[in-house]
Amino acid sequence: ECSTQSTGLSSCKSYDSVLALPAALQATRALMVVSIVLGFIALLVATMGMKCTNCGGDDKVKKARIAMTGGIVFIVAGLAALVACSWIAHDIITDFYNPYTPTNA
Numbered sequence: 011e012c013s014t015q016s017t018g019l020s021s022c023k024s025y026d027s028v029l030a031l032p033a034a035l036q037a038t039r040a041l042m043v044v045s046i047v048l049g050f051i052a053l054l055v056a057t058m059g060m061k062c063t064n065c066g067g068d069d070k071v072k073k074a075r076i077a078m079t080g081g082i083v084f085i086v087a088g089l090a091a092l093v094a095c096s097w098i099a100h101d102i103i104t105d106f107y108n109p110y111t112p113t114n115a
């Protein structure tokens, strides 16, 4: 992160470690990892619930419930990604319009 003040002085802030990142950025990274893992699990569960697979037996009600569970997990994965993106976008926009943040000249 670099910013230049009106006097010509530039100020850069580098992160030496992933643990030195702001808490919001660490949380959004974790939420995205959770979203990816949940999406993969949902893909496996939804595949087992498909009518064209033999996993889970031939019971149609059981297959429908498995497919529904996969869909619900997909929705949760999508919500986790949506929350992560919205959170970091809010932080960026808030910093952009903050009058106390130094701007580039």
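In this text, residue positions in the sequence shown follow this note's numbering: the first is 11, and each later residue adds one.
Quick reminder that beta carbons are idealized off the backbone N, C-alpha and C, glycines included.
These numbers come from a predicted model, not from an experiment.
The beta strand (DSSP E) spanning residue i covers which residue range?
i	result
S21	S20 to C22
Give me the Cβ distance between residue i and residue j, rounded to the nearest whole Å; I'm assuming they're in contact under 8 Å.
i	j	result
A90	L48	7 Å
I103	T38	Not quite, the Cβ-Cβ distance comes to about 14 Å (not below 8 Å), so this is no contact.
K73	G59	5 Å
For the alpha helix (DSSP H) that residue i lies in, which residues bound it at each end?
i	result
L54	A33 to M58
Skipping 5 residues on each side, what residues in its chain have a beta carbon closer than 7 Å to that of residue i?
i	result
A52	G80, V83, F84 and A87
A115	With a pLDDT of 48 at A115, under the threshold of 50, the predicted position of this residue should be treated as unreliable, though the coordinate-derived value follows. Taken in chain order, the residues that qualify are T14, Q15 and S16.
L29	none
Check residue i in the structure and name its three-state DSSP category.
i	result
T104	helix
T79	helix
C95	helix
On a Cα-Cα basis, can you pick out the residue from the options that is closest to residue i?
i	options	result
Y25	S16, L19 and L35	L35
K61	A37, M78, I46 and S45	M78
I46	Y107, S27 and A94	A94
V43	T111, L92, H100 and Y107	L92
Excluding the five sequence neighbours on either side, which residues of its own chain have a C-beta within less than 6 Å of the C-beta of residue i, listed in chain order?
i	result
L164	Residue 164 lies beyond the stretch modelled for the chain, which goes from 11 to 115, so this question has no answer here.
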